[in-house]
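Convert by adding 211 to the 1-based position in the sequence shown; the result is the number in my numbering. We put the beta carbon where it would ideally sit given N, CA and C, even for glycine. Scroll down for the structure; my scribbles are underneath it.
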Amino acid sequence: IPETISLKSDLEISEEYIDIIPGAEYSFGVEYGFDVPMSFGENLSIILSEDIVDMNVEIVGVSLSKAVVALNFVNAIPLGLELQAVAIDAMGQELPYINAEISQGVQPGTADSPVTTPIEITLTCKDRLVFDGLRLGISVSSSSEGAVLNSNQYIQITDISLYLPDGIGYSK
212 IPETISLKSD
222 LEISEEYIDI
232 IPGAEYSFGV
242 EYGFDVPMSF
252 GENLSIILSE
262 DIVDMNVEIV
272 GVSLSKAVVA
282 LNFVNAIPLG
292 LELQAVAIDA
302 MGQELPYINA
312 EISQGVQPGT
322 ADSPVTTPIE
332 ITLTCKDRLV
342 FDGLRLGISV
352 SSSSEGAVLN
362 SNQYIQITDI
372 SLYLPDGIGY
382 SK
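Listed below in structure tokens is the structure:
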């Protein structure tokens, strides 16, 4: 949001003479409009948090210590983004004993040409890996100076899947 906005106006007045009668009512048309291009300044900070829930990762009687959540992150804003992830339980409480490692940051895109970045979030735990979802943190990672913002720009997470790269261990 800009700190100040200045306006420059062009006033057009008809060249014809008008007789004004005191006490009479007059109407006239006024048209105005303005376009304000907005751009990101050097101190821009975008921080979002989004929960992906109802994954219900728990298999009774099975030893599970590693899971990978794969997703595509579609970015139509001209900024690189950094992700943070924390496993959460069914009540939305963070599970700090589960380590979450993110494969890469999100590449910048544009409204005309969104960029899809494949992301893998590897979750590991020394004990049994049990969680209900992920809390994703999203923040700006690249320079934002002069980048233009408009209503057609967006971010989107698609194609979420979960797989077990080490398989499942079972003991009697």
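**Request:** Determine, using beta carbons only, whether Ile263 and Leu347 come nearer to each other than 8 Å.
**Result:** yes
**Request:** Measure the C-alpha to C-alpha separation of Ile366 and Phe342 and round it to an integer number of angstroms.
**Result:** 25 Å
**Asked** If you count every other CB in all the chains shown that lies within 10 Å of the CB of Gly303, and 16 or more means buried, which is it?
**Response** exposed
**Prompt:** Name the DSSP beta bridge partners of Lys277, please?
**Reply:** Thr335
**Message:** Along the chain, where does the beta strand (DSSP E) containing Gln295 start, and where does it finish?
**Reply:** Leu292 to Ile299
**Euclidean distance between Cα positions of Pro248 and Ser276** = Residue confidence is low: Pro248 scores 48 on pLDDT, short of 50, so the model does not pin down where it sits. No coordinate-derived value is stated.
**Request:** List the DSSP bridge partners of Ser260.
**Result:** Gly348
**Request:** Taking 8 Å as the cut-off, decide whether the C-beta atoms of Ile309 and Cys336 are in contact.
**Result:** yes
**Message:** Quick check on Asn363: buried or exposed, where buried means 16 or more other Cβ atoms within 10 Å of its Cβ?
**Reply:** exposed
**Message:** For a test of the three-state rule: what should DSSP assign to Asn361, helix, strand or coil?
**Reply:** coil
**Asked** Out of curiosity, what's the CA-to-CA distance linking Pro325 and Glu226?
**Response** 51 Å
**Request:** Kindly examine the ligand FAD and report whether one of its heavy atoms sits closer than 7 Å to the Cβ of Asp338.
**Result:** Ligands displayed in this structure: none; no statement on the ligand FAD is therefore possible.
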